[in-house]
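Below is one structure, written out as structure tokens, with a few remarks after it.
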Amino acid sequence: MNENKIFKIVKTWKIKKTPEYREFRCAKCQRKIRKAWHVWLNKGGFKLEIHFCNKCFKEVKGKK
Ligand SMILES: [Zn+2]
């Protein structure tokens, strides 16, 4: 798992101030997904849960 690659994706997000109640959306391609890969990151004590569709998860997980 390439965490830096994931953080680069996270940095492209626009943070909203209000909570949202919705289906999962892939962190990378923004596709709506019913089942998501849940990835937990921990950087500097800051924990973050993000979701990926199958396709993007394979990319992120890739052995490169
Ligand atoms: Zn995706």
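Sequential numbering from 348 applies to the sequence shown in the numbering used here.
Idealized CB from N, CA, C, for every residue including glycine.
Would you kindly check if the distance between the Cβ of residue j and the Cβ of residue i is under 7 Å?
i	j	result
Val407	Lys355	no
Cys373	Phe393	no
Phe371	Ile380	yes
Whose CA, out of the options, lies closest to the CA of residue i?
i	options	result
Cys403	Trp384, Tyr368, Glu396 and Phe371	Trp384
Given 6 Å as the limit, tell me if residue i has its C-beta closer than that to any heavy atom belonging to ligand 1.
i	result
Arg372	no
Arg378	yes
Lys382	no
Lys408	no
Starting from the C-beta of residue i, find all residues in its chain whose C-beta is less than 8 Å away, skip the five residues before and the five after it, and write them out in chain order.
i	result
Glu350	Leu388 and Lys390
Does DSSP classify residue i as helix, strand or coil?
i	result
Asn349	coil
Ordered along the chain, which non-local residues of its own chain (more than five positions away) have a Cβ less than 6 Å from that of residue i?
i	result
Val386	Ile397
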